[in-house]
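Trainee:
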Amino acid sequence: MPAGLDQLDEPLVEHSQRERLLNAMARSCAKKGYGATTIADVCEGAGVSRATFYELFKDKEDCFHASMEVALADAMGRIVAVYSPDKPWATMVRDAAAAFLELLASRPTFARMALVEAPASGERAFELYASGKRVLQSLLERGRDDPVEERAIPSTAGRAALSAAESLIVGQILAGNTARLRELLPDIVYITTVPYLGQEEALRQARAAEKVAVPADG
Amino acid sequence: MPAAGGQKRERWRPPRGRHRLPPEVIARSQRERLLEAAIRVVAAKGYAATTVADLTREAGISRTTFYAMFDDKEGCFLAAYDGIVDALVRRVATAYEGEDEWPQRARAGLAALLEALTEEPEVARLALVDVGSAGPAAQRRFRAAMQRLTPFFDEGRDFAPGGRNLPANTSRMAIGAVTGLIADELTEERAEDLPRLLSDVLFATLVPYIGPEAAAREVGEKER
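Here the protein sequences line up with chains A and B, keeping their order.
According to our numbering, the residues represented by the first sequence are 1 to 218, in order.
According to our numbering, the residues represented by the second sequence are 1001 to 1224, in order.
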């Protein structure tokens, strides 16, 4: 288990002040960025007093970290849920990518926090972001049909493919196209499978992904 | 590292007081000094902690002069950032155009990029990592900068036999793979190891266009 994801199963208490603060933090970051967000913004967004904020969190960074932690645990849970040893590897990659895109498209606030704000908002948040990425990477590299040793592909191929997909996704988020992220599925299937399956098969998988009905939320 | 306020600098400055240099020469030199200062200060302190006062002190210019050139810290940082990117893209383009076949062009361009980033690790970090924390405008600037590499990658499409059938976003994704691998090294403070990353970034560049077997062959070619 990568560092940073081992304490993530804390359940969300519905409508608690803590949950409201966590959501308000995510909303404010999506709107004006982590740097410009103030504790006053978060308290106001949550309808919670400053005193209560400081009972629950040490500072702004602490609150951001907690917000990211809860959201990330939920996200990773959904993505890892598609993994099954019975599925062909390419199908598993496609389903994980579809689940990820669906999650981001349906929750733009989380999308922005996890992929735009967290990597640039201090060491603790970065570590969470990095741990999420490592989970996705191990998912991508696990259970390949083809033993990688047989080809001279570099050990960084999986990480590179994930960065490629991430860059495309972040570009769409920054351009305000978060709702259309699902359309990227074929391209992401191609870039994540081509180092392992070769071009012909990766293109076939990408074309098949065009027809995939994106599973409904949840 | 930014020098302390009163310290003597070796860099040439126009003499104080009355002199005969044309005003546009003085203005250009002040602007250049300011942009260089912005890179040094932001690289050392981070963007958020940097103030306009830091910039004017480091550049040895007055506040009035600063505001005659830029509206705010962000405008100054973005101008400095554009300067870095221009220099990087020029260097990549020169190396790239010195070769004939696309895989060799890609290799030369990537080698030049890694070399330039290794020479100035602080600039490299600023260009690829810290820019993310400098606000949405800087992040969009970063994306735009990356896309300036697109023509070099798009040629892979013409080179590859099945290039027309590749996903429309192939070049964007390949650029993301390369910059992601480089940013990972810089985040781990391993700028001095960047030249060794060449085979990995070359593979990441080639694989979507020509597939893993051919990409691995190209990577292996000059290594042995």
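Glycine included, C-beta positions come from ideal geometry on N, C-alpha and C.
Roughly how many whole angstroms lie between the Cα atoms of Pro186 (chain A) and Thr1170 (chain B)?
Mentor: 11 Å
Trainee: Beta carbon of Gly1109 (chain B), beta carbon of Phe1153 (chain B): below 7 Å?
Mentor: No.
Trainee: By Cβ distance, which residues of its chain are closer than 6 Å to Ala30 (chain A), with the 5 residues on each side in sequence left out?
Mentor: Thr109 and Arg112
Trainee: Let me make sure I understand the geometry here. Which of B:Ile1039, B:Thr1050 and B:Ala1160 has the alpha-carbon closest to that of Glu1120 (chain B)?
Mentor: B:Ile1039
Trainee: What does Asp187 (chain A) touch in chain B if you count any residue whose Cβ is under 7 Å from its own?
Mentor: Pro1167, Asn1169 and Met1173
Trainee: Report yes or no: is there a C-beta of chain A within less than 7 Å of the C-beta of Thr1027 (chain B)?
Mentor: Residue identity check: residue 1027 (chain B) is Ala in the sequence provided, not Thr. So no, Ala1027 (chain B) is outside the interface.
Trainee: Does Val194 (chain A) come within less than 7 Å of chain D when only Cβ atoms are used?
Mentor: Checking the listed chains, one finds no chain D in this structure; the protein chains it contains are A and B.
Trainee: If you draw a straight line from the alpha carbon of Phe1077 (chain B) to that of Glu102 (chain A), how long is it in whole angstroms?
Mentor: 36 Å
Trainee: Along chain A, which residues have their Cβ under 7 Å away from the Cβ of Arg1140 (chain B)?
Mentor: Leu174
Trainee: What does Pro154 (chain A) reach in chain B if we use C-beta pairs closer than 7 Å?
Mentor: For Pro154 (chain A), the neighbours in chain B by C-beta distance under 7 Å run, in chain order, Ser1199, Asp1200 and Phe1203.
Trainee: For a test of the three-state rule: what should DSSP assign to Thr1050 (chain B), helix, strand or coil?
Mentor: In the structure shown, the three-state DSSP call for Thr1050 (chain B) is coil.
Trainee: For Arg1091 (chain B), name the three-state secondary structure that DSSP assigns.
Mentor: helix
Trainee: Can you find a C-beta in chain B that's less than 7 Å from the C-beta of Ala160 (chain A)?
Mentor: yes
Trainee: What residues in the stretch 1112-1143 of chain B bring their beta carbon closer than 7 Å to a beta carbon of chain A?
Mentor: Gly1132, Ser1133, Gly1135, Pro1136, Gln1139, Arg1140 and Arg1143
Trainee: What in chain A is Cβ-close to Leu1181 (chain B), meaning under 8 Å?
Mentor: Thr156, Arg159, Ala160 and Ser163
Trainee: Keeping to the same chain, check which residues put their C-beta closer than 6 Å to that of Asp217 (chain A); ignore five residues upstream and five downstream.
Mentor: Residue confidence is low: Asp217 (chain A) scores 44 on pLDDT, short of 50, so the model does not pin down where it sits. Its coordinate-derived value is still stated next. Same-chain partners within the cutoff: Ser106.
Trainee: Sorted by chain position, which residues of the same chain lie with C-beta nearer than 6 Å to Ala1004 (chain B)'s C-beta, five sequence neighbours on each side aside?
Mentor: In this predicted model, Ala1004 (chain B) has a pLDDT of only 44, less than 50, meaning its place in the structure is not dependable; the value taken from the coordinates is given anyway. Once the five neighbours on either side are set aside, Ala1004 (chain B) has no close Cβ partner at all.
Trainee: Which residues, taken in chain order from the stretch 31-42 of chain A, show a beta carbon closer than 8 Å to some beta carbon of chain B?
Mentor: Gly33, Gly35 and Ala36
Trainee: Measure the alpha-carbon distance for Glu183 (chain A) versus Ala36 (chain A) and round it to whole angstroms.
Mentor: Cα atoms of Glu183 (chain A) and Ala36 (chain A): separation of roughly 31 Å, rounded to the nearest angstrom.
Trainee: Report back the beta-carbon spacing between Glu1115 (chain B) and Pro1195 (chain B) to the nearest angstrom; my notes put them in contact at under 8 Å.
Mentor: 7 Å
Trainee: What do you reckon, are the CB atoms on Met25 (chain A) and Val48 (chain A) nearer than 7 Å?
Mentor: no
Trainee: Which residues in chain A sit within 8 Å of Ala1044 (chain B), going by Cβ to Cβ distance?
Mentor: By Cβ distance, chain A contributes nothing, its closest Cβ being about 17 Å from Ala1044 (chain B), past 8 Å.
Trainee: Say whether chain B places a C-beta atom closer than 7 Å to the C-beta of Ile191 (chain A).
Mentor: yes
Trainee: Are three or more beta carbon pairs between the stretch 1127-1136 of chain B and the stretch 1092-1101 of chain B nearer than 8 Å?
Mentor: At 8 Å Cβ cutoff, the stretches do not touch.
Trainee: Does the stretch 1197-1210 of chain B come within contact of the stretch 1156-1176 of chain B, defined as at least 3 CB pairs closer than 8 Å?
Mentor: yes
Trainee: According to the neighbour-count rule (16 or more other Cβ atoms, all chains shown, within 10 Å of its Cβ), is Val1025 (chain B) buried or exposed?
Mentor: exposed
Trainee: Determine the direct distance from the alpha carbon of Ala75 (chain A) to that of Gly1075 (chain B), and round the result to whole angstroms.
Mentor: 36 Å
Trainee: Strictly below 9 Å CB to CB, what residues from chain B border Glu166 (chain A)?
Mentor: Gly1176 and Gly1180
Trainee: Within the stretch 1078-1165 of chain B, note down every full alpha helix (DSSP H) run reaching 4 residues or more, in order along the chain.
Mentor: 1102-1119, 1121-1128, 1136-1147 and 1150-1159
Trainee: For Ala1049 (chain B), count neighbouring C-beta atoms within 10 Å of its own C-beta (all shown protein chains included) and say buried if the count is 16 or more, exposed if not.
Mentor: exposed
Trainee: Tell me the DSSP secondary structure of Asn177 (chain A) in three-state form.
Mentor: coil
Trainee: Across the stretch 66-74 of chain A and the stretch 88-96 of chain A, are there enough close Cβ pairs to call them in contact, namely three or more that are closer than 8 Å?
Mentor: no
Trainee: Which one of B:Gly1220, B:Lys1073 and B:Arg1141 has the shortest CA to CA distance from Asp1086 (chain B)?
Mentor: The shortest Cα separation from Asp1086 (chain B) among B:Gly1220, B:Lys1073 and B:Arg1141 belongs to B:Arg1141.
Trainee: Residues in its own chain within less than 6 Å of Phe1070 (chain B) by CB, not counting five upstream and five downstream?
Mentor: Cys1076
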